[in-house]
């Protein structure tokens, strides 16, 4: 069973559709179904106006039936379709039943194959944006890789960067008491090198919950702390 795109937003808000009655809109839906069922989509052969109205659920010889008669000409005036009319041999020329209507719905085939709904246009725009970002981030040799591979590459890069940070942290080597003493002499501070070394050695070279990264910075922190204590004592 064939299916076709039904543009619901256009059906509800299009200026031409707003000029139609409920019965005429139902006839338009029937025409779209018929157009889709033909081998040449968009074209309907041997259309009978009365049969279309019956398929639309309009009862014969009712006010709605009489009001809807001539809907094909109205659709033509609104440029919704094109009509080719020929007389049927032996028919009464003034009757719709004596005429053969061949109809082509305007732009039906093109809208089914090319035109997109708002949601489809947004989807295509997102895909185009993703593709553009992908091409700007990877080399020309990798331009044909899909988004999944690109995502995996970004994840791998994050892991590599994290490993580099972890390796940098793990390379920290605790200073010897002599190194601390030498640095304190260079700084000409009053930090007790042995006391400082014993303190952090006992804490497994942790500052709070984090591993020490720069022991010289820790010495300078003590230096400032001792300086502040001396100022308080003098006061």
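Residue numbers (my numbering): 1397 to 1631.
C-beta: ideal position from N, C-alpha, C; glycine also.
Predicted model only: the values in this text are computed from it and were never measured.
Within a Cβ cutoff of 7 Å, which residues of the same chain sit near residue i, ignoring the five residues on either side of it in sequence?
i, result
"residue 1412", "1474, 1476"
"residue 1454", "1419, 1460, 1461, 1464"
"residue 1579", "1612, 1615"
"residue 1603", "1614"
"residue 1491", "For residue 1491, the pLDDT reaches just 49, beneath the cut-off of 50, and the residue's location in the model is therefore unreliable, leaving the point undetermined."
"residue 1587", "1580, 1615, 1618, 1619, 1622"
Quick one: is residue i buried, meaning 16 or more other Cβ sit within 10 Å of its Cβ, or exposed?
i, result
"residue 1404", "exposed"
"residue 1573", "exposed"
"residue 1428", "buried"
"residue 1593", "buried"
"residue 1416", "buried"
"residue 1487", "No answer about residue 1487 holds up, because its pLDDT of 49 lies below 50 and its placement is not dependable."
Indicate whether residue i and residue j have their beta-carbon atoms separated by less than 8 Å.
i, j, result
"residue 1481", "residue 1496", "yes"
"residue 1362", "residue 1419", "For the chain, the structure presents residues 1397 to 1631; residue 1362 sits outside this window and is missing."
"residue 1611", "residue 1571", "yes"
"residue 1498", "residue 1408", "no"
"residue 1589", "residue 1577", "yes"
"residue 1613", "residue 1596", "no"
Under 8 Å, Cβ to Cβ, is there at least one residue of chain D near residue i?
i, result
"residue 1574", "In the structure shown, chain D does not exist; there is a single protein chain."
What residues are listed by DSSP as bridge partners for residue i?
i, result
"residue 1482", "1496"
"residue 1443", "1497"
"residue 1603", "1606"
"residue 1477", "1501"
Leaving aside the five residues before and after residue i along the sequence, list all residues of the same chain whose C-beta is less than 6 Å from its C-beta, in chain order.
i, result
"residue 1401", "1508"
"residue 1504", "1431, 1438"
"residue 1467", "1420, 1423"
"residue 1443", "1497, 1499"
Output needed for residue i: all residues of its chain with C-beta closer than 8 Å, excluding positions within five of it in sequence on either side, in chain order.
i, result
"residue 1502", "1475, 1476, 1477, 1478"
"residue 1406", "1413"
Does the ligand NAD have a heavy atom nearer than 7 Å to the CB of residue i?
i, result
"residue 1577", "Of ligands this structure carries none, so the ligand NAD is not represented either."
Next on the checklist: Does the contact criterion of 3 or more C-beta pairs under 8 Å hold for the region 1464-1483 versus the region 1415-1433?
Outcome noted: yes
Next on the checklist: Using 8 Å as the cut-off, can you tell me whether the region 1516-1533 makes contact with the region 1445-1452, which would need three or more C-beta pairs spanning the two stretches below that distance?
Outcome noted: no
Item to check | Three CB pairs or more closer than 8 Å across the region 1518-1532 and the region 1453-1460 | outcome: no
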